[in-house]
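Protein chains in written order, with this note's numbering: chain A, 543 to 783; chain B, 543 to 783. For every residue, glycine included, the Cβ atom is placed at its ideal position computed from N, Cα and C. A short write-up of the structure that comes next.
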DNA sequence: GCCTAGGTCCCGTCC
DNA sequence: GGACGGGGCCTAGGC
């Protein structure tokens, strides 16, 4: 951290505003805890009555309002949003605006329990595995996991209905469309596969059979019925842990 | 706030652990800022090298790790997770576990810039409008918005493929399936509508026509083509702002 | 508990 | 810029 971090415990409104303004101009991350009301207007509209919350403002313009429960912020503003901090009715007010889509978030504090700022230095990125992309790589490495003799021909093959995860051919030279899911698959995955199979059938001669196979750890009952109705297949595979 | 909030600026590991342990037993919300590494193993697996981050632990068991960018936490733990705070290699380590699904998150701090706790009191809930449910209510109030003479018969009508947003009849007594979207609709919305129309057609006599209409502010080009291919309709409607 | 679908979904990627 | 689909999606509502 290049600038020294600062904290204030139960600051006056004026002191809190000073801290936030300094942090905003220095592109620091700000956390505010206190009792506030929140109004949002943009893609939707919301109001939130008084309560104690944690408010976070990031240097990239993101704003988050967290209650005491849940993973999701109760209100937020996307990256790229502006932020203005001012005094109104003897309380601190944060006003954040975003363009495209047009969104406005206003947070009115009654009291501020604490305020803190710091200058984050975070050069490292998350390395994640167990994704759909890992499952794809496994299949490309060992195509027989799908069925003996399966031969991948392309990934992300374009059709009029979108891109096929893996396109290939079976031992009889028939076109095969694979739709991959990293977790248990539901009806939407079947519909997706169905769209690609339909599109590919349309694009080729109508007589040529196009097979569709859903590849996932498992499928729900309803998805299984839909697969059967559409004459589509299923292969159980999980991304390696 | 019943208990007094506490803050520590650049605390020793021992002091930070004391603060966190007190907060955990008092079901308080904790925020920690500092340089840390993070390892996750559960539905997927991830590692995150050293960097300055904001860590939040909520009384409901939620844990959030935020970097300086983006709306999403880089790592997290769902509500209902346990949390253990201990000293390891002269640094603070937070270990959170969750069951069903089995997930483990370990955060190793090198340094702690600040730590704070407070006891949130938040009785109010978010009032949100502009949702799909609002769009549904508009249509039930003024069915002619869909087309002259449209008569809603049921919401959430069950079919073998899932529940129909609004089921009704047109002036000719034909069954009509409405699929609603609060925002611009894509291919998935068309597939969803298609599933319900297919299921309802199957459940009735094969000769009876079932109409399907997508109701949304707008549709993408590809979704529009898919609608045409399937003989489905579109009506432009937005949830009132 | 699982299933299903909505969400101010966010987010990357490709056009 | 829009579009499309993945995500450790999360979350609410049914069954």
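Sequence-distant partners of residue 612 of chain A (beyond 5 residues in either direction) whose C-beta falls short of 8 Å from its own C-beta are missing from its chain.
DSSP places residue 555 of chain B in no beta strand (DSSP E) but in the uninterrupted alpha helix (DSSP H) bounded by 555–567. For the pair residue 776 of chain A and residue 636 of chain B, the Cα-to-Cα distance works out to about 41 Å. Only residues of its own chain outside the window of five on either side were considered, and among them 751 and 753 have a CB closer than 6 Å to the CB of residue 716 of chain B, listed in chain order.
Not a single C-beta of chain B is nearer than 9 Å to the C-beta of residue 639 of chain A. The Cβ atoms of residue 623 of chain A and residue 640 of chain A lie closer than 9 Å to each other. The C-beta of residue 560 of chain A comes no closer than 9 Å to any C-beta of chain B. In the DSSP annotation of this structure, the continuous segment of the beta strand (DSSP E) that includes residue 594 of chain A starts and ends at 587–599.
Every unbroken stretch of the beta strand (DSSP E) spanning 3 or more residues and falling wholly within the stretch 663–745 of chain B is given here in chain order: 669–671, 693–701, 704–711 and 717–722. Leaving aside the five residues that flank residue 549 of chain B on each side, the residues in its chain whose CB is nearer than 6 Å to its CB run, in chain order, 658.
Residue 667 of chain B has a beta carbon lying within less than 9 Å of a beta carbon in chain A. As computed with DSSP, residue 637 of chain A is found in a beta bridge with A:626 and A:648. For residue 583 of chain B, the enclosing beta strand (DSSP E) has its first and last residue at 571–583. Residue 678 of chain B and residue 708 of chain B have their C-alpha atoms some 8 Å from each other. With respect to the 9 Å criterion, residue 702 of chain A and residue 744 of chain A are classified as neighbours on the basis of their beta carbons. The beta carbon of residue 680 of chain A sits no closer than 9 Å to any beta carbon of chain B.
The residue from A:765, A:652 and A:676 with its alpha-carbon nearest to that of residue 782 of chain A is A:676. Taking a beta-carbon distance threshold of 9 Å, residue 700 of chain A does not count as an interface residue toward chain B.
Straight-line spacing of the CA atoms in residue 547 of chain A and residue 599 of chain B works out to 21 Å. Out of A:765, A:771, A:756 and A:573, the CA that lies nearest to the CA of residue 662 of chain A is found in A:573. For residue 590 of chain A, the chain B residues whose Cβ falls inside 8 Å of its Cβ are 666, 667, 668 and 669, in order along the chain. Within 9 Å of the CB of residue 551 of chain B, the CB atoms of chain A belong to 547, 548, 549 and 658, in sequence order along the chain. Taking residue 728 of chain B as the centre and dropping the five residues before and after it, the same chain places the C-beta of 762 and 765 closer than 6 Å to its C-beta, in chain order. Residue 619 of chain A has A:605 as its beta-bridge partners, per DSSP. Distances from the CA of residue 638 of chain A to each of A:631, A:647, A:630 and A:632 were compared; the closest alpha carbon is that of A:647. The bridge partners DSSP lists for residue 653 of chain A are A:577. For residue 770 of chain B, the enclosing alpha helix (DSSP H) begins and ends at 763–772.
A Cβ-Cβ separation of about 7 Å places residue 732 of chain A in contact with residue 774 of chain A under the 8 Å criterion. Taking all protein chains in view, the Cβ of residue 698 of chain B is surrounded by fewer than 16 other Cβ atoms within 10 Å, so the residue is classified as exposed. Contact with chain B is absent for residue 766 of chain A, since none of that chain's Cβ atoms lies less than 9 Å from the residue's Cβ. Rounded to whole angstroms, the gap between the alpha carbons of residue 602 of chain A and residue 571 of chain A is 9 Å. Per DSSP, reduced to three states, the secondary structure at residue 632 of chain A is coil, with no helix or strand assignment. Beta-bridge partners of residue 778 of chain B (DSSP): B:758. A straight line joining the alpha-carbon of residue 610 of chain B with that of residue 691 of chain A spans about 48 Å. Taking each of A:649, A:680, A:683 and A:684 in turn and checking the Cα distance to residue 588 of chain A, the smallest one comes out for A:649.
Looking at the backbone, the Cα of residue 667 of chain A and that of residue 576 of chain A are separated by about 31 Å.
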